[in-house]
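Numbered by the numbering used here, the letters in the sequence shown go through residues 6 to 210 in order.
Don't be surprised by glycine CBs; every beta carbon is placed ideally from N, CA and C.
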Amino acid sequence: MAKQVLTEVSTLRRSPLAHLRSALEQGSVAGERGVQAREIAFTTQIGLRAEPGSAAHAALSSAAGTELPAGVGEVSGTHDSIAVLWQGPDEFLLVAPDGSELFADLVSALGDEPGQVIDLSANRTVIELSGPKAQAVLEKGCPADLHPRSFAVGTAITTVLGPVPVLLWKTDESTYRLLPRASFADYTARWLLDAMSEFVSPEVD
């Protein structure tokens with residue numbers, strides 16, 4: 006019965022950008038001037054807090070299957086499986102695919118040690134921006150230095166896109182993941198679509 010209820014609930018889920026799926030597809034373009042945007046919905050996101058060097062830090066690293074990152078902008082793990090993004094000296098965000106059953110294991114691993122494990126999966130959605138012009142689109146509204154020498158693959162930072170605070174994570178040479186809070190997802194997606202429109206239009210000789 007419980008399994009049936011969970012199945013019924015999952016069919017009722019609606020992601021923050023479900024209403025813009027077609028717009029994102031139509032606003033994307035391939036080719037040398039290409040840039041594509043899509044939502045990666047319902048990722049597992051778990052907030053972790055533990056003092057580096059502590060028993061809690063070691064226990065959470067073990068349960069996550071990857072060492073917690075040690076410095077600003079660092080990401081441990083892989084974007085297509087389990088990744089942990091640095092948020093502060095003792096604060097991290099674990100991101101994993103939909104359905105990942107890590108929360109209970111992390112809570113159990115922390116036990117009574119000082120620290121925190123909190124499910125933040127509904128707090129943010131993920132927008133993936135990719136293609137040769139992805140960096141150019143972001144640079145229209147992101148003040149961070151996105152040149153590869155400063156923002157390498159496997160780096161994640163807290164920044165803004167226009168007026169919206171986002172986590173910006175570079176997962177490949179021309180692929181970025183933006184994590185806005187769910188309440189700002191619509192604005193962020195529409196901002197990206199507007200910024201992408203330059204590259205959707207054909208070049209004029």
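According to the DSSP secondary-structure assignment, ILE132 is paired through a beta bridge with GLU44, LEU183. Cα atoms of LYS145 and LEU99: separation of roughly 28 Å, rounded to the nearest angstrom.
For the pair ASP124 and LEU184, the Cα-to-Cα distance works out to about 15 Å.
In this structure, GLY52 lies near GLN121, with their beta-carbon atoms less than 8 Å apart. Close CB contacts of GLU37 within its chain, under the 8 Å cut and outside five residues either way in sequence, are with PRO137 (chain order). In the DSSP assignment, LYS175 forms a beta bridge with THR160, TYR181. Inclusion of PHE47 and SER20 in the CB contact set at 8 Å is warranted, their separation being smaller than that value. Separation of the CB atoms of ALA194 and LEU29 is rounded to 7 Å, and the pair is thereby assigned contact status at 8 Å.
Counting only residues of its own chain and dropping the five nearest sequence neighbours on each side, SER66 has a CB closer than 8 Å to the CB of GLU72, LEU73.
Counting of Cβ neighbours within 10 angstroms places SER33 among the buried residues, the total reaching 16 or more. With contacts defined by Cβ atoms closer than 8 Å, ILE45 and VAL171 do not form a contacting pair. Within its own chain, the residues whose Cβ lies closer than 6 Å to the Cβ of GLN92, once the five positions on either side in sequence are excluded, are LEU98, listed in chain order. For the 8 Å CB-CB criterion, ALA149 and LEU173 form a contact. Only exposed fits ARG154, as fewer than 16 other CB atoms lie within 10 angstroms of its CB.
Put simply, of VAL89, GLY70, SER27, ALA60 the residue whose alpha carbon is nearest the alpha carbon of ASP117 is ALA60. The secondary-structure analysis by DSSP pairs GLU96 across a beta bridge with ARG54, GLY93. The alpha-carbon separation between TYR192 and PHE108 amounts to approximately 30 Å.
According to DSSP, residue pairing for PRO170 in a beta bridge involves VAL165. For PRO94 and HIS62, the gap between their C-alpha atoms comes out near 11 Å.
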